[in-house]
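**Student:** Got a structure for you, written out below as structure tokens; questions coming shortly.
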Amino acid sequence: MFKTLLSTRLSMLFSIMFGRLNRGKQPTKTRKVLIVALAVYVVGMLLFSFGSMFAPMAQSLPQIGFAWLYFAMVGLMGFAFGFIGSIFMTEKLLFESTDNDMLLAMPIPPSYILGSRLLTLVILEYIYSAMIFIPAGVVYAMYASTSTAGWIFYALTYLVFAPFITALTSFCGWVIALINSKVARKNIVSTVFMLLFFLGFMAVYMNLNAYLSGVITNSSSLANSWQNGFPPIYWLGTACADGNVVNFLLLAAFCIIPFVIAYLLLSANFFKIATARKSAAKIKYVKKELKAQSARKALTAKEIKRFFTLPIYFLNAGFGAIMLIAAAVFIAVKGADYVSMMSAEIPMEGAVCAIVCLVIGFCNLTIAPAASAISLEGKNINLLKSLPMAAKDIFAAKLTPNLVIGLIPSFLCSAVAAIFLPMTGLEIAAVFAFPLAAQTFIAFLGLFCNIKLPRFDWTNETLVVKQSGAVMIVTLGGMAMLGVLALVYALALAQIMAVSVYLLIVSAVLLAVSAALEGVIAKNAEKYMLEFSYN
Amino acid sequence: MLDIRNLTKTYGDKKAVDNLSLHIYPGEIHGFIGHNGAGKTTTIKACCGILGFDGGQIFVDGISVAEKPLECKKKIAYIPDNPDLYEFMPAIKYLNFISDVFGVSKKEREESIARYADLFELTSDLAQPISAYSHGMKQKLAIIAALLHKPKLMLMDEPFVGLDPVAAHTVKGLMRDICDNGGAIFFSTHVLEVAEKLCDNISIIKNGRLIMTGKTAEVRGNSSLEDVFLELAEEKFEK
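Chain order of the listed sequences is A and B.
No gaps in the numbering here: position 273 of the first sequence is 552 in my numbering, and each next residue is one more.
No gaps in the numbering here: position 192 of the second sequence is 826 in my numbering, and each next residue is one more.
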């Protein structure tokens, strides 16, 4: 029974990731190749970037006798990456799945339901942790060495680490679920929690480079404070660096015991938490004058409301907007200082324009609500289809929030850059044109991918918003696009044209592709809409 | 009001609806009965313009569903078998949203919402998010939403599932009112007693084919509708 529950949950997770691959239809060769290529690209990109991050530490720390600190850093990074990656979906996956009632009505012990969900999270954690442990291990082997026992303990640390992170995220999810069950507007609670986590993550991320160089320069004092202040990190480091058995056993106990406690506690309370929603406080109805608007505006307003009331949607598909506003403030306050510092290090003409476009463009990639807007209809797709509205208007309503949420902060950021940074007229034009074109392209691409890869049979929105094929293609494909654009210019065009001219040409191409996508969507809108089916 | 001509819909090799023809006139409550998987929901969805079909034609008030789906949808109200609504919205916002989409005037929507919410005892719950509603409350809300634009034709898939006896009685009364005012209702049901008492006409579908249609009294003959239906179902197994 447990095996069945686990395999059901995993197949659901992977079917969400890979579109209709598992829906009984034989996938085409092209589709298989695309999916494999996408997976290779994602994994490759993550492995490479984390490997590059660990390389300086692998070169310096073992040489000054702090090999254990390197492994401690690997553990900390693995923890941060896994925790941030899964915290937002834990509460939804554990307690808010729409199949709760169905499963609880069956003769299945609640502990099995919870256990299968916890194990799914552990498997996800293994995937996240592998992105840190594998490149960190490879980089260490390239620059330094440890004993066979050290490598064995490194592998075992990877194995015991995922349950530990799952235990912590589950406790957090439990607290959120408990609070949600007591309040009427539970989305506000989730939003506040998620914002706090995101702000924390951003604070760490923004200071990561400084922190990592701090590790290298202040390794001695840092080692002492961790060794005395938080021994598990020291146990981890010494187990891997020195092959210390006792310290590994201590670490294993430190990781496994919380997981066992989490499982026992949560399974004892699972029924209560999963069924506690209906006791939430009732909102009293006070009759107010209703506001009438056009059908198209109503549909767009509905999309915007969904965007802002679904925390996981807002934070995953729109966080770039917050980053853009933060970037605008940063440019206004510290932009000029950075330009003078940068001009010494990057002696490229138009470097400021290129970097501003790269930063805004990167934020634009993360603003892609259109990539999951259709899938989020879920069971309501028939309701949407029954409305007396042209399919192209429905698609336009799905697209508009993406453009509004993306273009306004992009424009703000471009304007601030134009005012505060030294650029020529052509460069200013590029700084406005490129983000506008990139955001428009991302919105159309997202909508198109979601039309082609819709998923309506999800059990909670998190899976669609975070891991559906359309979202992955748009975000990761967009990153690849930025990388390729930068490479093409650096390798082939830097001698031929100014970066501003290149960016203006690219903007024109992106807008042309967006127009083509718009044409395809509008032409086939009714056909696409008729093909959508929940069943 | 609803004219279905030779409707055919296939899923892969299976014919879900096979050359079905049916005519529903203004003022008529038409019951659609059949065993599970007979093709009732497929037929109703095709009539609403939310499911494409492979053969035949469907006209709503003389307008082709395939050619002018939007015109047809403006005249129709569709109540699905499962009331899947926008759960992130409070009920009142949902009703306002539906009113906007169907272009219901401000005055009319306020009057209709107040009237139907009172009728179904939902007024005090209108501010609640739909996610907090029970199945029956969602069904009531779906019915209220369907009535807001005063549809000429109501297509209902198992409309009584989840309703309490009072609400079911109210819905039956509303159905009769709509038809008395020139509208028409085409609904599927498994509750044969309801079909027998409420419907002017009844059609029976089996394996995608229409096997019997006519006035309720004619279909029933001297026996009950249940007997007729069971007899037809037995024939199926014999075949």
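Backbone N, C-alpha and C fix where the C-beta goes; we use that ideal spot for every residue, glycine too.
#1: When you compare the CB of B/Y659 with every CB in chain A, is at least one pair closer than 8 Å?
#2: Using CA atoms only, rank isn't needed, just tell me which of B/G796, B/E792, B/A780 and B/C682 is closest to B/I812.
#3: Any Cβ of chain B within less than 8 Å of the Cβ of A/S469?
#4: DSSP state of B/N616, grouped into three classes?
#5: Within the 8 Å Cβ cut-off, does A/N643 reach chain B?
#6: Taking the C-alpha atoms as reference points, what is the distance between A/K731 and B/G686?
#7: I want to verify the contact list: residues of chain B whose CB lies under 7 Å from the CB of A/T588, in sequence order.
#8: Let me check you understand the geometry: is the CB of B/Y659 closer than 7 Å to at least one non-hydrogen atom of the ligand SAM?
#9: State the beta-bridge partners of B/P724 as determined by DSSP.
#10: Compare the Cα-Cα distances from A/L782 to each of A/K745, A/F713, A/K806 and A/T719 and report the closest residue.
#11: Is it buried or exposed, A/E568, if we count other Cβ atoms within 10 angstroms and call 16 or more buried?
#12: On a Cα-Cα basis, can you pick out the residue from B/P763, B/A711, B/L729 and B/F722 that is closest to A/K563?
#13: Is it right to say A/N503 is buried, meaning 16 or more other beta carbons lie within 10 angstroms of its own, or is it exposed?
#14: I need the straight-line Cα distance from B/M723 to A/V743, nearest angstrom please.
#15: Residues of chain B with a CB under 8 Å from the CB of A/K658: which are they?
#16: Is the beta carbon of B/G665 sitting closer than 8 Å to the one on B/F863?
#17: Kindly give me the distance between the Cβ atoms of A/A633 and A/L705, rounded to whole angstroms, as I take these residues to be in contact under 8 Å.
#18: Can you list the alpha helix (DSSP H) stretches of 4 or more residues lying completely in the region 643-713 of chain A, in chain order?
#19: Given that A/K561 touches chain B, what residues does it touch there, using C-beta distances under 9 Å?
#20: At a Cβ threshold of 8 Å, is B/K740 touching chain A?
#21: Give the DSSP-derived three-state secondary structure of A/F720 in the structure shown.
#22: For the region 572-591 of chain A against the region 764-774 of chain B, do three or more pairs of beta-carbon atoms, one drawn from each stretch, fall closer than 8 Å, so that the two count as touching?
#23: Roughly how many whole angstroms lie between the Cα atoms of A/A596 and A/A647?
#24: Using a C-beta to C-beta distance shorter than 9 Å, which residues of chain A count as neighbours of B/D647?
#25: Whole angstroms is fine: what's the gap from A/I512's alpha carbon to A/L475's?
#26: Do the region 707-716 of chain B and the region 775-790 of chain B touch if we need at least three Cβ pairs shorter than 8 Å?
#27: What does the alpha-carbon distance come out to for the pair A/V710 and A/V618?
#28: Starting from the beta carbon of B/R743, find every residue of chain C whose beta carbon is closer than 8 Å, and list them in chain order.
#29: In whole angstroms, what is the alpha-carbon distance linking A/L662 and B/P717?
#30: Run down chain A in chain order and give the residues with a C-beta less than 8 Å from the C-beta of B/G668.
#31: Can you tell me whether DSSP reads B/H769 as helix, strand or coil?
#32: Could you spell out the range, first to last residue, of the alpha helix (DSSP H) harbouring B/N653?
#33: Who does B/M846 pair with in a DSSP beta bridge?
#34: Buried or exposed: A/G762, going by 16 or more other Cβ atoms within 10 Å of its Cβ?
#35: Would you say B/C681 reaches chain A, if we count a Cβ-Cβ gap shorter than 8 Å as a contact?
#36: My guess is that A/L755 and A/L317 are in contact by the Cβ rule of under 8 Å, so how many angstroms apart are they, rounded?
**Tutor:** Judging by the given coordinates:
#1: no
#2: Among B/G796, B/E792, B/A780 and B/C682, the Cα nearest to that of B/I812 is on B/A780.
#3: So, not an interface residue.
#4: Only positions 635 to 873 of chain B appear in this structure, which leaves residue 616 of chain B out of reach.
#5: no
#6: 18 Å
#7: F722
#8: For the ligand SAM, the structure offers nothing, since it holds no ligand at all.
#9: B/P763
#10: A/F713
#11: exposed
#12: B/P763
#13: exposed
#14: Between B/M723 and A/V743, the C-alpha separation is close to 19 Å.
#15: Within 8 Å Cβ-Cβ: N716 and D718.
#16: no
#17: So it is not a contact: roughly 13 Å between Cβ atoms.
#18: The DSSP assignment places complete alpha helix (DSSP H) segments of no fewer than 4 residues inside the region 643-713 of chain A at 649-652, 660-665 and 670-699, in order along the chain.
#19: S758, D759, A761, Q762 and A766
#20: Cβ-Cβ to chain A under 8 Å: yes for B/K740.
#21: helix
#22: no
#23: 5 Å
#24: Within 9 Å Cβ-Cβ: nothing; B/D647 doesn't reach chain A, min ~14 Å.
#25: 25 Å
#26: yes
#27: 15 Å
#28: Absent here is chain C; the protein component of the structure consists of chains A and B.
#29: 9 Å
#30: Neighbours of B/G668 on chain A: none; closest Cβ ~18 Å, over 8 Å.
#31: Correct three-state label for B/H769: helix.
#32: Counting along the chain, B/N653 falls outside any alpha helix (DSSP H), though it belongs to the beta strand (DSSP E) covering K648 to I658.
#33: B/I838
#34: exposed
#35: no
#36: Right, the Cβ-Cβ distance comes to about 7 Å (below 8 Å), so this counts as a contact.
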